[in-house]
Amino acid sequence: MQFGVFTVSDITQDPTTGRTPSEAERLQAVLAIAKKTEEVGLDVFALGEHHNPPFFSSSPTTTLAWIAAQTSTLQLSTATTLITTNDPVKIAEDYAMLQHLAGGRVDLTLGRGNTGPVYPWFGQDIRNGIELAVENYALLRRLWTEDVVDWQGKFRTPLQGFTSTPRPLDGVPPFVWHGSIRSPQIAEQAAYYGDGFFHNHIFWPPEHTQRMVEFYRRRFEHYGHGSADQAIVGLGGQVFMRKNSQDAVREFRPYFDNAPVYGHGPSLEEFSSQTPLTVGSPQQVIERTLGFREYVGDYQRQLFLIDHAGLPLKTVLEQLDLLGEEVVPVLRREFAARKPAHVPDAPTHAARVAAAGGSRDLTVHAPGDDVTGQARDEAREEVEVR
Amino acid sequence: MSTRTLAVVSAGLGTPSSTRLLADRLTAATVAALRERGITATVEVVELREHARDLADHLLTGFANEPLRATVDTVTGADAVIAVTPIFSASYSGLFKTFFDVLDKDALAGTPVLMGATAGTARHSLALEHALRPLFAYLRATVVPTAVFAASEDWAGGEGTGGALADRVDRAAGELADLVAGRPPAAPVDPFADPATSFEDLLRGR
């Protein structure tokens, strides 16, 4: 099982000091959080994508490439990549690039985005959200699995003889998770392809997450990818910890009360009982997190949101220390002890390459290409001779 | 005798409230009218006052907490709805509107609805037609032609008010009962049932 953190890249005023970080400062803080995530022994860092203030992360692959260069084991992911408003051709290119730069330590989570104006800003209509996700992802898969693509669809200009470069590293595209809070169609999409399903697991009651995951698992089995309990499930979650749980509640309350997403609504206590939010001691976080398994089954990835709502970097790094020292080692041990052998581990590039029968070089050499002067057939022969 | 569920939504704020009083009159008349048509009604009354904070929380968090979820399910799963609001500032109350704001836009599609409203004077009576009826039209509910308005003076009854409150209640209840009797019982919709549309069809853009 993989453990990690995800960030939405919000630039929010610290309600306890009244201070709002600059973009530069917040961006550097997120980089520090990512590096620390690996240092404390966690597995995954996932970054959101937004195209409006108060968020900075418009270009996740740029940021993730920097992090890839500064880390050695950290799995890089997204939370989420906008499959609706990004050109699927650009997603195919950008994430294949990132996959090469990061030595395969890349997967991505696709989402539709929840900011209305982003659709028209990128020439789309929010009412087509599901259709866009379906068509764009079908194209994205073809761009990664077929060397030369002829394609025509409803939302994008047609393609004739198009090759997305670079080809996926070792011939195996990045693993894809589909994220949705409430749309069964997206869980259906994940199940149809045998991809992963990620539930943000922050804003809705656990019963709802349970129903979404159950549906995905049932459909995963229906489409013949394995038994329902072998489907690939990821969950979010939100925690704030101090050694003493009263200290955690006292310190986190002003951030909760003023949080842009749910502030000025339910109390911290109400929200903690209605959703998976856990504010307390490391032991409380351990117990609550182990409980997730009881309603979604054995799952593959747990990401925590720890850096939003204006929390200062120092505090976030302390949260990572607690996760790395006290929480995740216990969770690893306990989840592993409970997981039956036939339930797969979280997908990694190495495991997927092995499952595909080893590494394949899919480089496409252009015929009569002006740059290398080498024709495709000649290049092929050369490979065979070698 | 067949059975149907009648959800009664009252947005009155006082206790006792004249809005609830009107809702009760409409409910009793509808239950009687259904009985005449061979239908036993199960009545579920929702006092929105009890969900005032739940509704505000929902606006901010985007989900219904457990008590509100149960109430939403009751109303959206009913065979008919009686919805009654006080008129504030020439329209439905904010509490009343908020409840219908947090429903899925299709949740009441086709559901028979009887509208009622109360206010201090009869000068507010057309709020039913210019505010409530368009709201339910947007939700594609099937609203009965007679909407029932009760001003303070209507509770006196007698000549001065045209004596008509009781008549209007009965007429509206009869219209609602006719609609309910003419329809099969409401079937619950499960968003997590296996999809009617296959993913292949979605892929082909159907």
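Protein sequences, first through last, are from chains X and E.
Quick note: the first sequence, position 201, residue 201 per my numbering, numbers continuous.
Adding 1000 to a residue's 1-based position in the second sequence gives its number in my numbering.
Yeah, the Cβ is synthetic: ideal placement off N, Cα and C, and Gly gets one too.
Remember, predicted model here, so these are calculated numbers, not experimental data.
Taking the alpha helix (DSSP H) that residue i falls in, what are its first and last residues?
| i | result |
| --- | --- |
| I91 (chain X) | 88 to 101 |
| P60 (chain X) | 60 to 70 |
| I1087 (chain E) | First-last for I1087 (chain E): 1080 to 1088, but that is the beta strand (DSSP E), not the alpha helix (DSSP H). |
| D1170 (chain E) | 1165 to 1181 |
| S77 (chain X) | Careful: S77 (chain X) lies outside any alpha helix (DSSP H), inside the beta strand (DSSP E) at 75 to 78. |
| R1025 (chain E) | 1018 to 1036 |
| G161 (chain X) | No alpha helix (DSSP H) contains G161 (chain X), which is instead part of the beta strand (DSSP E) from 159 to 162. |
| G1094 (chain E) | 1094 to 1101 |
| T1061 (chain E) | 1052 to 1061 |
| L1108 (chain E) | No alpha helix (DSSP H) holds L1108 (chain E); DSSP gives it neither H nor E. |
| D125 (chain X) | No alpha helix (DSSP H) holds D125 (chain X); DSSP gives it neither H nor E. |
| L1132 (chain E) | Looking at the DSSP string, L1132 (chain E) is not in any alpha helix (DSSP H), and its letter there is neither H nor E. |
| D1220 (chain E) | Residue coverage of chain E in this structure runs from 1001 to 1206, which leaves residue 1220 (chain E) outside it and unanswerable. |
| S1125 (chain E) | Unbroken run through S1125 (chain E): none, as it is neither H nor E. |
| F271 (chain X) | 268 to 274 |
Does the separation of the CB atoms of residue i and residue j fall below 8 Å?
| i | j | result |
| --- | --- | --- |
| A198 (chain X) | T278 (chain X) | According to the sequence as given, residue 198 (chain X) is Phe; it is not Ala. The answer is no: Cβ separation not under 8 Å. |
| A1117 (chain E) | A1107 (chain E) | no |
| N258 (chain X) | G236 (chain X) | no |
| F335 (chain X) | R293 (chain X) | yes |
| T7 (chain X) | P54 (chain X) | no |
| I306 (chain X) | V239 (chain X) | yes |
| V1045 (chain E) | V1031 (chain E) | no |
| D43 (chain X) | Q70 (chain X) | no |
| A231 (chain X) | R250 (chain X) | no |
| V176 (chain X) | D147 (chain X) | no |
| F3 (chain X) | Q210 (chain X) | no |
| L1006 (chain E) | A1078 (chain E) | yes |
| L978 (chain E) | V1081 (chain E) | Beyond the ends of chain E as shown, which are 1001 and 1206, falls residue 978 (chain E); an answer cannot be given. |
| K36 (chain X) | L311 (chain X) | no |
| V1084 (chain E) | A1011 (chain E) | yes |
| Q189 (chain X) | V233 (chain X) | no |
| M241 (chain X) | V213 (chain X) | no |
| R156 (chain X) | D87 (chain X) | yes |
| F1100 (chain E) | L1135 (chain E) | yes |
| P166 (chain X) | W144 (chain X) | no |
| A228 (chain X) | S281 (chain X) | no |
| F304 (chain X) | L322 (chain X) | no |
| P1067 (chain E) | T1019 (chain E) | no |
| R360 (chain X) | G171 (chain X) | yes |
| A1109 (chain E) | R1140 (chain E) | yes |
| A1151 (chain E) | G1120 (chain E) | yes |
| F45 (chain X) | G1062 (chain E) | no |
| S1002 (chain E) | G1038 (chain E) | yes |
| D10 (chain X) | P266 (chain X) | no |
| L1026 (chain E) | L1095 (chain E) | no |
| E49 (chain X) | T78 (chain X) | yes |
| P206 (chain X) | Y295 (chain X) | yes |
Could you check where the beta strand (DSSP E) with residue i kicks off and where it finishes?
| i | result |
| --- | --- |
| V343 (chain X) | Here V343 (chain X) belongs to no beta strand (DSSP E), and DSSP marks it neither H nor E. |
| V118 (chain X) | Unbroken run through V118 (chain X) is the alpha helix (DSSP H), 118 to 121; no beta strand (DSSP E). |
| P1112 (chain E) | 1112 to 1119 |
| W144 (chain X) | Note, W144 (chain X): premise wrong, no beta strand (DSSP E); alpha helix (DSSP H) at 129 to 145. |
| V149 (chain X) | 149 to 151 |
| T278 (chain X) | 278 to 280 |
Under the DSSP definition of a beta bridge, which residues are partnered with residue i?
| i | result |
| --- | --- |
| R19 (chain X) | X:D14 |
| Y1138 (chain E) | Looking at the DSSP assignment, Y1138 (chain E) forms no beta bridge with any residue, so it has no partner. |
| E1066 (chain E) | None, per the DSSP bridge assignment. |
| Q2 (chain X) | X:R301 |
| D107 (chain X) | X:F175 |
| L82 (chain X) | X:G111 |
| S1010 (chain E) | E:E1047, E:V1084 |
| T1040 (chain E) | E:T1003 |
| T7 (chain X) | X:L47 |
| L1149 (chain E) | The sequence given here places Phe at residue 1149 (chain E); Leu does not occur at that position. BP columns for F1149 (chain E) point to E:A1117. |
| V1143 (chain E) | E:V1113 |
| S1091 (chain E) | E:F1088 |
| F55 (chain X) | X:D10 |
* Asked: Three or more C-beta pairs closer than 8 Å, one from the stretch 156 to 165 of chain X and one from the stretch 181 to 196 of chain X: is that the case here?
  -> no
* Asked: Where are the beta strand (DSSP E) runs, 3 residues long or more, that stay fully inside the stretch 22 to 53 of chain X, in chain order?
  -> 44 to 47
* Would you call the stretch 263 to 276 of chain X and the stretch 325 to 333 of chain X touching, i.e. three or more CB-CB distances under 8 Å? -> no
* To do: Give a yes or no on contact between the stretch 112 to 121 of chain X and the stretch 94 to 102 of chain X, applying the rule of three or more CB pairs nearer than 8 Å.
  => no
* Asked: Just checking, does the stretch 1050 to 1067 of chain E make contact with the stretch 1183 to 1192 of chain E on the three C-beta pairs under 8 Å criterion?
  -> no
* Asked: Is the stretch 1167 to 1177 of chain E close to the stretch 1129 to 1149 of chain E, with three or more CB pairs under 8 Å?
  -> yes
* Which runs of the beta strand (DSSP E) spanning at least 3 residues fall entirely within the stretch 164 to 252 of chain X, listed in chain order? -> 175 to 179, 196 to 199, 233 to 235, 239 to 241
* Asked: Could you give the uninterrupted runs of the beta strand (DSSP E) lying entirely in the stretch 297 to 358 of chain X, keeping only those of 3 residues or more?
  -> 301 to 304
* Asked: Between the stretch 15 to 34 of chain X and the stretch 77 to 91 of chain X, do at least 3 Cβ pairs fall closer than 8 Å?
  -> no
* At a Cβ cut of 9 Å, what residues of the stretch 1066 to 1089 of chain E count as close to chain C, listed as they run along the chain? -> Absent from the structure: chain C. Protein chains present are X and E.
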